[in-house]
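Take my numbering: the final residue in the sequence shown is number 211, and no numbers are missing along the way.
Beta carbons: idealized from backbone N, C-alpha and C, even for Gly.
To keep things clear, I will list the structure first and then write my remarks on it.
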Amino acid sequence: MAAKIFLTAILSFFWSLHPFHVSVTDIVHKKDQKALQITSRVFLDDLELALNDVTGETLDVIALSKSGELDNILKPYFLKNFKLRVDDEKTPLKYLGSQLDQDALMVFLEVENVQTVSKLFVRNTLIFEKYDDQSNIIHFNYNDEVTSARLHEDNPYVIFER
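Here it is in structure tokens:
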């Protein structure tokens, strides 16, 4: 029994170091709302280090989130590093906000006035300035059909076609 507890503690410690540099973004077409709703999850420590590089400051993402100041830094960062085009049209992203979720941060974006999608271009370069091995997973849910892609520094975009 003690060996199991010790092994669990060791595995938890190494998992907490999360040697994988990854973000996961869900893009859902809400037909009834005529919108694309986007939720992106990034590890807090990875995001903090990337924002430190971008701003040249030492930031505390948790403290900034609690004080309500984080979105002032996140909004330009996300709007610069996350781009969408719907059916070859430039698509304005609306930054809605962020929320702490244990060791991750969830960021919420939206694209309004999207009735249908034949082709969705997604470019996601989040955290690429910090880690060469960063992967950004994209899940696109359209009419309850989910298609996914893994983006990385050598391939920072995907085109989903319906």
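Quiz item: Between the segment 139-149 and the segment 176-184, do three or more beta carbon pairs fall short of 8 Å?
Solution: no
Quiz item: Run through DSSP, which three-state label would D94 get?
Solution: The sequence position of residue 94 within the sequence shown is 45, counting from 1. Here D94 sits in helix by DSSP.
Exercise. Using 10 angstroms around the beta-carbon of F131, count the other beta-carbons present and answer buried if the total reaches 16, otherwise exposed.
Key: On the sequence shown, residue 131 is found 82 positions in, with the first residue counted as 1. Buried: at least 16 other Cβ atoms inside 10 Å.
Practice problem: Verify whether the separation of the beta carbon atoms of L113 and V163 is less than 7 Å. | Solution: Position 64 of the sequence shown, counted from the first residue, corresponds to residue 113. Position 114 of the sequence shown, counted from the first residue, corresponds to residue 163. Not closer than 7 Å, so no.
Quiz item: Applying the criterion that 16 or more other CB atoms from any shown protein chain within 10 Å of the CB defines a buried residue, is Q214 buried or exposed?
Solution: In the structure displayed, the chain extends from 50 to 211; residue 214 sits before or after that span and is not available.
Quiz item: So what does E194 bridge to, in DSSP terms?
Solution: For the purposes of this step, residue 194 is taken as the residue at position 145 of the sequence shown. Paired residues: Y191.
Exercise. Taking only the alpha-carbon atoms, compute the straight-line gap between I122 and Y144 and give it to the nearest angstrom.
Key: Start at 1 with the first residue of the sequence shown, and residue 122 comes out as number 73. Start at 1 with the first residue of the sequence shown, and residue 144 comes out as number 95. The straight-line gap from Cα to Cα measures roughly 12 Å.
Exercise. Check the DSSP bridge columns for T88 and list the partner residues they point to.
Key: Position 39 of the sequence shown, counted from the first residue, corresponds to residue 88. DSSP lists D75 and F157 as partners of T88.
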